[in-house]
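**Student:** First residue of the sequence shown? That's 184 in this note's numbering, and the numbers climb one at a time after it.
Note that beta-carbon positions come from the ideal geometry of N, C-alpha and C, so glycine has one too.
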Amino acid sequence: TPGAHKPFWKKLNPLWQKIPFGRPDALLRSLQPALGWMFSRPATILAMVLMIIAGLTLSANWERFTASSANVISHQNWLWLLIAWIGLKFFHEIGHALVCHRYGGNIRETGLVIAFFAPLAYVDASSCWSFRSRWQRIHTALAGVYVELIIASLSILAWKWCDSVVLRHVLQNTIIMASVSTLLFNLNPLMKFDGYYVLSDLLQIPNLSTQANSVLTDLARRIFFGDSGSRPTVIGRQRWVLMTYGAAAMVWRLLVTLSLLI
Numbered sequence: 184t185p186g187a188h189k190p191f192w193k194k195l196n197p198l199w200q201k202i203p204f205g206r207p208d209a210l211l212r213s214l215q216p217a218l219g220w221m222f223s224r225p226a227t228i229l230a231m232v233l234m235i236i237a238g239l240t241l242s243a244n245w246e247r248f249t250a251s252s253a254n255v256i257s258h259q260n261w262l263w264l265l266i267a268w269i270g271l272k273f274f275h276e277i278g279h280a281l282v283c284h285r286y287g288g289n290i291r292e293t294g295l296v297i298a299f300f301a302p303l304a305y306v307d308a309s310s311c312w313s314f315r316s317r318w319q320r321i322h323t324a325l326a327g328v329y330v331e332l333i334i335a336s337l338s339i340l341a342w343k344w345c346d347s348v349v350l351r352h353v354l355q356n357t358i359i360m361a362s363v364s365t366l367l368f369n370l371n372p373l374m375k376f377d378g379y380y381v382l383s384d385l386l387q388i389p390n391l392s393t394q395a396n397s398v399l400t401d402l403a404r405r406i407f408f409g410d411s412g413s414r415p416t417v418i419g420r421q422r423w424v425l426m427t428y429g430a431a432a433m434v435w436r437l438l439v440t441l442s443l444l445i
């Protein structure tokens with residue numbers, strides 16, 4: 184079974200517990216006819232138009248939106264944010280699974296991850312790495328963000344015309360979690376989420392993070408220890424790309440760590 188070889192203390196890690204539910208093949212086969220069309224080219228164009236309309240709507244009502252969402256980040260609202268986050272990540276993972284399945288990939292496992300005491304859905308869509316087309320791999324990686332942005336767009340339009348205070352509050356939480364958090368984390372290439380794999384494919388550099396860390400380590404040895412006996416294994420433009428990425432990722436990790444400590 185997966186994880187059987189892990190040390191005992193890692194299996195009991197309260198900050199990261201993986202609860203597998205098995206293979207979702209039957210569920211994906213049933214969902215594909217009903218939802219698979221959302222990832223076609225015409226549907227993607229319509230979704231982009233929807234996102235533009237929603238963006239313009241939010242821009243035109245920005246003062247009203249910010250005034251009514253001033254208490255969104257207060258601790259009294261954390262439960263609502265957590266509920267919105269969990270629901271969005273469920274649909275996010277369904278998006279990855281449907282697109283991977285659409286291109287002939289297999290979803291080897293689905294389940295829950297208890298990360299920092301927060302339950303999150305996950306799917307194992309790693310079979311997409313075997314796709315010959317990098318655009319199919321990128322499409323699979325971006326499917327979750329695509330689904331969240333559609334939900335955010337629909338929520339913006341519903342919020343604009345909604346009169347219920349409670350429903351408007353729920354919609355505001357959904358909009359914030361499906362847009363800001365998605366852009367900061369899922370699309371952020373400095374963390375090993377969707378944006379990282381997209382950037383790795385666009386640069387055509389597999390194991391981008393590992394290679395970047397290797398280049399930085401080699402550079403540190405040369406600067407601080409005068410280790411000039413071995414020649415760099417990566418040279419030219421790719422070396423500069425890896426150095427830039429590695430440095431930016433390191434700064435981001437430090438900022439996140441400091442933020443968590445604070």
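1) Could you have a look at Leu373 and say whether DSSP puts it in helix, strand or coil?
2) Taking only runs of the beta strand (DSSP E) that begin and end inside the region 238 to 303, which ones reach a length of at least 3 residues, in chain order?
3) If I measure Cβ to Cβ from Tyr329 and keep anything under 8 Å in the same chain, skipping five residues before and after, which residues do I get?
4) On the DSSP bridge assignment, give the partners of Ile202 in chain order.
5) Between which residues of its own chain and Met433 is the CB-CB distance below 6 Å, once the five residues before and five after are set aside?
6) Within the same chain, show all residues whose beta-carbon is closer than 7 Å to that of Val398, passing over the 5 residues directly before and after it, in chain order.
7) Are Leu354 and Trp342 touching if we call contact CB-CB under 9 Å?
8) Suppose you measure from the CA of Arg291 to the CA of Pro225; what does that come to, to the nearest Å?
9) Within 10 angstroms of the Cβ of Leu391, are there 16 or more other Cβ atoms? Answer buried if so, exposed if not.
10) To the nearest whole angstrom, what separates the beta carbons of Leu303 and Lys272, a pair I think is in contact under 8 Å?
11) In whole angstroms, what is the alpha-carbon distance linking Ser252 and Gly219?
12) Using a Cβ-Cβ cut-off of 7 Å (strictly less than) and excluding sequence neighbours within five positions of Arg317, which residues of its own chain qualify?
13) Between the alpha carbons of Ser338 and Asn254, how many angstroms are there, rounded?
14) In angstroms with no decimal places, state the Cα-to-Cα distance between Tyr380 and Thr249.
15) With a threshold of 16 other CB atoms inside 10 Å of the CB of Gly186, please say whether the residue is buried or exposed.
16) Please classify His258 as buried or exposed, where buried requires at least 16 other C-beta atoms within 10 Å of its C-beta.
17) Which two residues bound the contiguous alpha helix (DSSP H) that contains Pro389?
18) Using only CA atoms, which one of Asp401, Phe376, Thr357 and His284 lies nearest to Ile256?
**Tutor:** Looking at the coordinates:
1) The answer is coil: DSSP assigns Leu373 none of H, G, I, E or B.
2) The qualifying runs are 293 to 298.
3) Within its own chain, the residues whose Cβ lies closer than 8 Å to the Cβ of Tyr329, once the five positions on either side in sequence are excluded, are Phe222, Thr227, Ala230 and Gly278, listed in chain order.
4) According to DSSP, which records beta bridges pairwise, Ile202 is partnered with Leu295.
5) Excluding five sequence positions before and after Met433, none of the CB atoms of its chain fall closer than 6 Å to its own CB.
6) Once the five neighbours on either side are set aside, the close Cβ partners of Val398 are Val417, Arg422, Leu425, Met426 and Gly429.
7) Yes; because the gap between Cβ atoms is below 9 Å, this pair is in contact.
8) Take the alpha-carbon of Arg291 and the one of Pro225: they are about 29 Å apart.
9) Label assigned to Leu391: buried.
10) Leu303 to Lys272, Cβ: 5 Å. Contact.
11) Near 34 Å, if we compare the C-alpha coordinates of Gly219 and Ser252.
12) Contacts found: Asp384.
13) Between Ser338 and Asn254, the alpha-carbon positions lie close to 18 Å from each other.
14) Here the C-alpha atom of Tyr380 lies approximately 33 Å from the C-alpha atom of Thr249.
15) Per-residue confidence for Gly186 stands at a pLDDT of 42, beneath the threshold of 50, marking its modelled position as unreliable; the derived number appears in the next sentence. Its Cβ having fewer than 16 others within 10 Å, Gly186 is exposed.
16) With fewer than 16 other CB atoms across the displayed protein chains lying within 10 angstroms of its CB, His258 is exposed.
17) No alpha helix (DSSP H) holds Pro389; DSSP gives it neither H nor E.
18) That would be Thr357, whose Cα lies nearest to the Cα of Ile256.
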